[in-house]
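Numbering (my numbering), first residue to last: 1 to 118.
Glycine included, every Cβ here is placed at the ideal spot set by N, Cα and C.
Since the model is a prediction, treat every value here as computed from it, not as a measurement.
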């Protein structure tokens with residue numbers, strides 16, 4: 001479930017600013033997996049044929065196995081989703097720390113603010 005972007009608010013002090021509304025789902029994940037899989041990347045070329053897909057899958061599997069061997073503890077991660085001003089769904093992750101956030105539910109509303117500056 002994602003909401004459409006809110007109205008862009010333009011003020012004197014912040015000429016280039018946009019606000020978006022969305023949702024976040026908070027999950028508890030092993031810290032080593034969160035860090036390990038962030039380093040394993042898949043490119044469009046990895047999906048171009050079965051052999052390159054198999055190689056990419058092997059890289060992901062190796063990264064997952066290495067991260068599970070470390071066992072560094074757990075962290076809470078929020079998967080944030082919103083719809084940008086062009087209608088594209090944007091998803092990113094935010095590390096919420098090792099303590100559980102003080103929310104009554106694992107799904108919360110979020111406000112994403114983008115400010116442009118030099």
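- Closest in alpha carbon position to residue 108, among 90, 24 and 88, is 24.
- Nearest to residue 73 by C-alpha distance, out of 28, 21 and 19, is 28.
- According to the DSSP assignment, residue 116 belongs to no beta strand (DSSP E), since it is labelled neither H nor E.
- Using a Cβ distance threshold of 7 Å, residue 115 and residue 17 count as a contacting pair.
- In the displayed model, residue 105 falls within coil according to three-state DSSP, outside both helix and strand.
- Residue state for residue 70 is assigned as helix, using DSSP reduced to three classes.
- In the DSSP assignment, residue 91 forms a beta bridge with 81.
- Excluding five sequence positions before and after residue 99, the CB atoms of its chain that fall closer than 8 Å to its own CB belong to 76, given in chain order.
- Sixteen is the threshold: when 16 or more other Cβ atoms of the shown chains lie within 10 Å of the Cβ of residue 80, as they do, the residue is buried.
- Assigned with DSSP and collapsed to three states, residue 58 falls in helix.
- Secondary structure of residue 63 (DSSP, three-state): helix.
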